[in-house]
């Protein structure tokens, strides 16, 4: 049976009511099925518990053209499409870069500045500390006057294992950056992988750039029912309005509301 997520669907020209609905938790039926006990992955890594909710990604892929036509949502990829890119990333450095963008929602400048010390791997308490790359307005600062980094939890077991293997294999020194490339190199790597996906006949509906994964991370969080203030915190947005745009992924899912209307 459909799973009622604690999020709301966007209403055109009603951002105030949208914000209240997402934050307070209005039930919403999506093409998501409640997993049975046999469908829930409860295997653990270092005490970490993982639960998987099954989402009808094929449906969401088909609905995306409608969403992008009727909203200001930036182009995004859905989980199966990101996995298709990761499957073509044969080099561990390339794969980890994309996986880090996908799992953290980091801006490319934030991801490229990451060092081993930014990651705190401790089972279910793992997280990455991202240095804020934008200094608009008056960001919160520490005692030294530097902008406070933001904490993004890491919960995916496969990504945690990938990080651990990468750190062991590459033996990064203190302060040594994970990827050792610039923006141009990162964009080129992603462009090459996107072309490999298309060569196999799989469709990628958007021009994939490093920032595409930030949008995709935010959309993925909305689809999984993460409260809007939490997504705002993860993305490092100063204003909730910047985060609200991602709720438009549900802009085409309002038909059930009209079913209650009499004409």
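Residue numbers (my numbering): 150 to 412. Heads up, the beta-carbon is just placed ideally off N, CA and C, and yes, glycines get one too.
Count the other CB atoms within 10 Å of the CB of residue i; is the residue buried (16 or more) or exposed (fewer)?
i           : result
residue 208 : exposed
residue 381 : buried
residue 335 : buried
residue 254 : buried
residue 300 : exposed
residue 216 : buried
residue 383 : buried
residue 344 : exposed
Would you report the Cα separation of residue i and residue j, rounded to the nearest angstrom?
i           : j           : result
residue 355 : residue 332 : 19 Å
residue 281 : residue 296 : 7 Å
residue 234 : residue 350 : 13 Å
residue 369 : residue 277 : 18 Å
residue 240 : residue 411 : 58 Å
residue 311 : residue 245 : 7 Å
residue 400 : residue 252 : 24 Å
residue 327 : residue 267 : 10 Å
residue 271 : residue 309 : 9 Å
residue 237 : residue 257 : 20 Å
residue 263 : residue 303 : 15 Å
residue 134 : residue 298 : Absent from the model: residue 134. The displayed extent of the chain is 150 to 412, so no value can be given.
So for residue i, helix, strand or coil by DSSP?
i           : result
residue 250 : helix
residue 392 : helix
residue 387 : coil
residue 339 : helix
residue 203 : strand
residue 355 : coil
Which partner residues does residue i have in the DSSP bridge list?
i           : result
residue 269 : 276
residue 232 : Residue 232 pairs with nothing; no bridge assigned.
residue 326 : 264
residue 360 : The partner list for residue 360 (beta bridge, DSSP) is empty, contrary to what the question assumes.
residue 398 : Its beta-bridge partners do not exist; DSSP assigns none.
residue 301 : 277
Pairs of beta-carbons, one from the stretch 219-230 and one from the stretch 384-396, closer than 8 Å: are there three or more?
yes
Tell me whether the stretch 263-279 and the stretch 357-372 touch, counting them as touching only if at least three CB pairs, one residue from each stretch, are closer than 8 Å.
no
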